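Student:
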Amino acid sequence: MFLGAAGIAVFFVTALLMRSARRTAVESQEEEEGDGEDGWTRDYVLSVILSGLRGIPFRCTNLLMPVYLVMSYGYTPVWAGSLTTLMLGTGLVAEVMSGPLSDRLGRRTPFIVLSPLLMAPCLLLLNSSLGPLPLALVLMGIGFFYYFGVPPYQAYQTEIAPKQSKGLAFGVLFSIGAIPGSLSPIVFGWIGDMYGLQASVLFLVSVSLLATVVALLLREKPASKKTTLHVGEASVEPL
């Protein structure tokens, strides 16, 4: 009953946010084709590292959360899968919120920093004995705060990628950055076998905090210049 109501609420909130984003967009920005850095920078290297660190809790929570809930809380596979779906659905709401908000504020790094920082305590709460409702809220927090940083982070990656090598830059980001996340379920399971599942959760918390430290080292890029400003039906274009 609770999961059904929560799923319906997530759907309607997402629909309303998407409609509002389309209706209230008054200013539009057109990025130049040459947008990006002149070469390989420190921020790009940090982004590759951050992609790997963010991928670890992402892969583990998505792939292993149903198993974790069955083993730690004794839920049936259907109930554990439903809670995982709720977690991921809440992330959709976060993405719809953070993307337009990041564009409106012209800032990326605060969202990138807050995402792993706020997800860490939610992960830590998994080691507590939670009832069905608190557990559902914690899982919603995990999904929300992880995906809250995804749109701003992807936008930031386009701003720091080398102008003449964006294809290669994104290939490196999505391949090398994905390696730690691909191996993390093995590490999560090995830690669980050796020291218990609570230690596995602490591993995810530690990685999230480390990702926060790396995100703090990223430098905010200057806001893109607006090329066209729409006010009602009129538009003003700079010379």
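Note that numbering that gives the first Met the number 0 numbers the sequence shown so that position 13 is 12, with each residue one more than the last.
For each residue, glycine too, the CB sits at the ideal point set by N, CA and C.
On a predicted model such as this, the values are computed, not experimentally measured, just so you know.
(1) Taking 6 Å as the cut-off, is the C-beta of residue 141 nearer than that to any heavy atom in the ligand NAD?
(2) In whole angstroms, give me the CA-to-CA distance for residue 39 and residue 131.
(3) Do residue 59 and residue 203 come within 7 Å of each other at the CB atom, strictly closer than that value?
(4) Quick one: what's got a C-beta closer than 6 Å to residue 191's C-beta in the same chain, skipping five residues either side?
(5) Look at the Cβ atom of residue 80, then the Cβ atom of residue 177, and state whether they are nearer than 7 Å.
(6) Given a threshold of 16 other Cβ atoms within 10 Å of its Cβ, counted over all protein chains shown, does residue 110 qualify as buried or as exposed?
(7) Looking at residue 107 and residue 114, is the spacing between their C-beta atoms short of 7 Å?
(8) Can you give me the Cβ contacts of residue 209 inside the same chain, cut-off strictly under 8 Å, excluding the 5 residues immediately before and after it?
(9) Give me, in chain order, the residues of the same chain whose beta-carbon lies closer than 7 Å to that of residue 150; leave out the 5 immediate sequence neighbours on both sides.
(10) Tell me whether the beta-carbon of residue 142 lies closer than 7 Å to the beta-carbon of residue 90.
(11) For the alpha helix (DSSP H) holding residue 162, just list the boundary residues, first then last.
(12) Work out the CA separation of residue 145 and residue 124 for me, nearest whole Å.
(13) Taking the alpha-carbon positions, what's the residue 117 to residue 43 distance?
Tutor: Well, looking at it:
(1) Among the components modelled here there is no ligand, and therefore nothing to report on the ligand NAD.
(2) By 1-based counting over the sequence shown, the position of residue 39 is 40. By 1-based counting over the sequence shown, the position of residue 131 is 132. Using only the alpha carbons, I get a separation of about 48 Å.
(3) Within the sequence shown, residue 203 is the residue found at index 204, counting from 1. Within the sequence shown, residue 59 is the residue found at index 60, counting from 1. It is a contact, given that the beta carbons lie within the stated cut-off.
(4) Mapped onto the sequence shown, residue 191 falls at position 192. 199, listed in sequence order.
(5) For the purposes of this step, residue 80 is taken as residue 81 along the sequence shown, with counting starting at 1. For the purposes of this step, residue 177 is taken as residue 178 along the sequence shown, with counting starting at 1. Cβ atoms of residue 80 and residue 177: not closer than 7 Å.
(6) Counted from its first residue, the sequence shown places residue 110 at position 111. Counting Cβ neighbours within 10 Å, residue 110 comes out buried, since at least 16 surround it.
(7) To locate residue 114, count along the sequence shown from 1; it is residue 115. To locate residue 107, count along the sequence shown from 1; it is residue 108. Result no, Cβ atoms of residue 114 and residue 107 do not sit closer than 7 Å.
(8) Numbered from 1 along the sequence shown, position 210 holds the residue referred to as residue 209. The answer, listed in chain order, is 52.
(9) Position 151 of the sequence shown, counted from the first residue, corresponds to residue 150. Here the set comprises 94, 97, 98, 101.
(10) Translated into positions along the sequence shown, residue 142 becomes position 143. Translated into positions along the sequence shown, residue 90 becomes position 91. It is a contact, given that the beta carbons lie within the stated cut-off.
(11) As a position in the sequence shown, residue 162 is number 163, starting the count at 1. Looking at the DSSP string, residue 162 is not in any alpha helix (DSSP H), and its letter there is neither H nor E.
(12) Taking the sequence shown and counting its residues from 1, the one referred to as residue 124 is at position 125. Taking the sequence shown and counting its residues from 1, the one referred to as residue 145 is at position 146. When rounded, the distance between both Cα atoms is 15 Å.
(13) Here residue 117 refers to the residue found at position 118 when the sequence shown is read from its first residue. Here residue 43 refers to the residue found at position 44 when the sequence shown is read from its first residue. Computed Cα separation, rounded: 24 Å.
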